[in-house]
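Note sheet for the following structure.
There are 2 protein chains.
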Amino acid sequence: MSDTVVVGLDVGGTSTRATALTLTGERLGTGRAGGGNPTSHGADRAAAELSTALREALRGVDPARVRAGAIGLAGAGRLRADPAGRAAFDRAWSDAGLRCPYTVHSDALVGYASGTAAPDGTILIAGTGAIAAQVRRWRLDRVADGHGWLLGDAGSGFWLGREAVRALLADLDAGRAPGPLGRTVLVDLLGDDWVAERPRDTVDAVVQAVTRRPPVELARLAPLVVDAAVDGEPVAAELIPRAAAHLVTSVGRIRPDDATTPLVLGGGLLTGDTPLGAAVQVEVGRRWPDAPVRSAGDGAAAAAWLAARTLPDVTDPAARHALLVPSAD
Amino acid sequence: MSDTVVVGLDVGGTSTRATALTLTGERLGTGRAGGGNPTSHGADRAAAELSTALREALRGVDPARVRAGAIGLAGAGRLRADPAGRAAFDRAWSDAGLRCPYTVHSDALVGYASGTAAPDGTILIAGTGAIAAQVRRWRLDRVADGHGWLLGDAGSGFWLGREAVRALLADLDAGRAPGPLGRTVLVDLLGDDWVAERPRDTVDAVVQAVTRRPPVELARLAPLVVDAAVDGEPVAAELIPRAAAHLVTSVGRIRPDDATTPLVLGGGLLTGDTPLGAAVQVEVGRRWPDAPVRSAGDGAAAAAWLAARTLPDVTDPAARHALLVPSAD
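Taken in sequence, the protein lines are chains A and B. Going by UniProt numbering, 96 is the number at position 96 of the first sequence; the sequence numbering is gapless. Going by UniProt numbering, 6 is the number at position 6 of the second sequence; the sequence numbering is gapless.
Rendered as structure tokens:
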């Protein structure tokens, strides 16, 4: 058992991370590659990134020592229904010299496991998109939102970016001078030296600047909102609690009112010391006062732990979690 | 003067209408053709539809009698900045044998003029999209919304359709059985015989059915919301006042708080005996209790009247309005 290695991978939209751990939590290697969401990039591309990260993490490790592996993946469900994609993942796995089986989990489950070892609880993720999920016996039981920018992602980075532009347009329509956030958004979209003769020309230019790009790129503006909120900017200070309310409403669709299980916060907008994370914690504290709130941490390590859990000689998964998955709190 | 004819055209997204009127309001002819929005269809196509409607309206009328003409057009502003498009309109005009000048107005101004002869007031239009405009001396002075489905059109047909789907998804996420509106939307999107094993599969199928099509087609679901609201369906009954609040918020961005000028309601969702029109009237009555609220009517006749106004022998435009533009109220 002391020789045993477990491998975890966290395949995200912008990066893929791999980690190789012993069961006592010794980190034998880590690897990193580009993003590989099989839904947007295709399973072949995702498998190629996975392969790169995996080889890097396993450099100098005898692959025969690896007895279990797990992959966290946005779009995991679609991969299961995609034999060619699954075959590409199988190839990447065996090309790395691995002979043990691996499992594929949704990124939401891996995010959950990166924050807690509890078998039951809730994960809320807000990054470009937003999704909440209820976990039961380490499986996704029910899901809320994750419906994409056109129909959902309420409270996400896309939502914050879109609402920042909408607030700017409302100011321009009403003939009010935009505030600090509005001016920052204006410069981001139109450049420093852009001047219009009429406010309506500015409105048209803003709408065109946004609609020229894929809609999801509105999420690019979310950090401007977050930074402005930190500075107490009034529009941003109003958007953040509205985003938090949307996110907590999504949680409320799947988490029982009397739940006392952990709630894990994940995604760039909720992890670390962010205003949206703080606003969500306030809302959650009101609605589920007894819920332990945790931050999502190292997804690759959490995936490795999910793999380790399945080994017959791992009898106390919670103790193993403390060794393998560094706490982000 | 009794020989004088004025011509008006209303070029919309789905149809083009033309009318030829004497200054006493005698309707010499009407014409109809397909939609011709120069922004979406191109100016050549718009000019071709205009030509068809114009020739039909002028059948049997000596074109030398036509002394003024006007065209109402969504995207009128862009046509002004488009010399090739403007040339196509010029050709259509002279091909119909017309030698008098014509003016191009935005569809919002023509909609306004179809409801009132007052030089100052407000127009609110809700169809697929939504726009509000303040009119001053028969010109658009300020505009609110009209920003398109990604950033605006709050309270529009697109908005109603999207919110109906969002309400359905919220029910499915929460494990609630959808109500009558949700079931109607489900059948519209997935067909009668669609059955999923798991609610999440239904969610995925709904999201895919919507995202397969151009987003603006969500407006196709708006009549389902309107019909459900007439029947008192609870979700629809909650969406209609929210849409009305959005629309009246847009109006409030451009209409002074103490205005007593007319407010004209246009677009398929607000004209006639519609629940959204009724809800908007309630909100408007609260906010501007002294505002006369009018329904938009015959856009082609209103365009003809806008043309007649410019003739030196038309000295009382309001009296002429009563003759030329049939009241929709």
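Every residue gets a Cβ at the ideal spot worked out from N, C-alpha and C, and that includes glycine.
Whether residue i touches residue j by CB criterion (7 Å)
| i | j | result |
| --- | --- | --- |
| A126(B) | L239(B) | no |
| V165(B) | L151(A) | yes |
| V104(A) | V7(A) | no |
| V11(A) | L98(A) | no |
| V225(B) | L160(B) | yes |
| A304(B) | T19(B) | yes |
| T310(A) | A57(A) | no |
| D82(B) | A43(B) | yes |
| A84(B) | A302(B) | no |
| A76(A) | A307(A) | no |
| A300(A) | L9(A) | yes |
Cβ neighbours of residue i in the same chain (closer than 7 Å, five flanking residues each side left out)
| i | result |
| --- | --- |
| G267(A) | I125, A126, G127 |
| D145(A) | A130, I131, A132, G152, D153, A154, S250 |
| V230(A) | P275 |
| P180(A) | A228, E233 |
| V293(A) | L263, L265, Q281, V284 |
| residue 342(B) | Chain B is shown only over 1 to 329; residue 342(B) falls outside these bounds and no answer can be derived. |
| A108(B) | I123, I125, I131, A133, L140 |
| P241(A) | A279 |
| V61(A) | V5, A20, L28, G29 |
Element boundaries [alpha helix (DSSP H), containing residue i]
| i | result |
| --- | --- |
| V206(B) | 199-211 |
| T249(A) | 234-254 |
| T184(A) | 180-190 |
| V282(B) | 275-287 |
| A319(B) | 317-324 |
For residue i, the first and last residue of its enclosing beta strand (DSSP E)
| i | result |
| --- | --- |
| D107(B) | Run containing D107(B): none in the beta strand (DSSP E); it sits in the alpha helix (DSSP H), 107-113. |
| residue 337(A) | Outside the shown range of chain A (1 to 329) lies residue 337(A), about which nothing can therefore be said. |
| V195(B) | No beta strand (DSSP E) holds V195(B); DSSP gives it neither H nor E. |
| D3(A) | Where D3(A) is concerned, there is no enclosing beta strand (DSSP E), given that its DSSP letter is neither H nor E. |
| L169(B) | L169(B) -> not in any beta strand (DSSP E); alpha helix (DSSP H) instead, spanning 157-174. |
| L218(A) | Looking at the DSSP string, L218(A) is not in any beta strand (DSSP E), and its letter there is neither H nor E. |
| A300(A) | No beta strand (DSSP E) holds A300(A); the alpha helix (DSSP H) holding it covers 299-309. |
| L124(B) | 121-126 |
| L140(A) | 139-145 |
| S295(B) | 293-295 |
| A177(A) | Counting along the chain, A177(A) falls outside any beta strand (DSSP E), and DSSP gives it neither H nor E. |
| V135(A) | 130-136 |
Own chain, CB closer than 6 Å to residue i, minus 5 neighbours either side, in chain order
| i | result |
| --- | --- |
| A205(B) | L190 |
| A167(B) | V235 |
| G13(A) | G35, N37 |
| R136(B) | D120 |
| H321(A) | A117, W305 |
| L89(B) | Note on residue identity: the sequence assigns Phe, not Leu, to residue 89(B). These residues qualify, in order along the chain: A47. |
| T52(A) | A33 |
| R142(A) | Q134, I254 |
| residue 393(A) | Outside the displayed range of chain A (1 to 329) lies residue 393(A), so it cannot be described from this structure. |
Chain B residues whose Cβ lies nearer than 7 Å to that of residue i
| i | result |
| --- | --- |
| A144(A) | D173 |
| G148(A) | V207, T211 |
| I125(A) | Ordered by position in chain B, no residue passes the 7 Å Cβ test against I125(A), which lies about 15 Å from the chain. |
Partners in chain B for residue i, counting only beta-carbon separations shorter than 8 Å
| i | result |
| --- | --- |
| A259(A) | Chain B residues near A259(A): none, gap ~14 Å exceeds 8 Å. |
Under 9 Å from the C-beta of residue i: neighbouring residues of chain B
| i | result |
| --- | --- |
| P214(A) | The contacting residues do not exist; P214(A) stays about 10 Å from chain B at best. |
| I254(A) | D173, A174, G175 |
| R162(A) | L150, L151 |
Cross-chain neighbours of residue i in chain A, by beta carbon under 7 Å
| i | result |
| --- | --- |
| L169(B) | H147, L151, G152 |
| R91(B) | Result: empty, since nearest Cβ-Cβ is about 27 Å, beyond 7 Å. |
| V11(B) | Under the 7 Å cutoff, chain A gives no residues; its nearest Cβ is about 20 Å from V11(B). |
| R200(B) | V143 |
Closer than 8 Å at the beta carbon, the chain A residues around residue i
| i | result |
| --- | --- |
| V165(B) | L151 |
task: Please specify which runs of the alpha helix (DSSP H), each continuous and at least 4 residues long, are wholly inside the region 17-104 of chain B, giving them in chain order.
output: 38-41, 43-57, 76-80, 83-95
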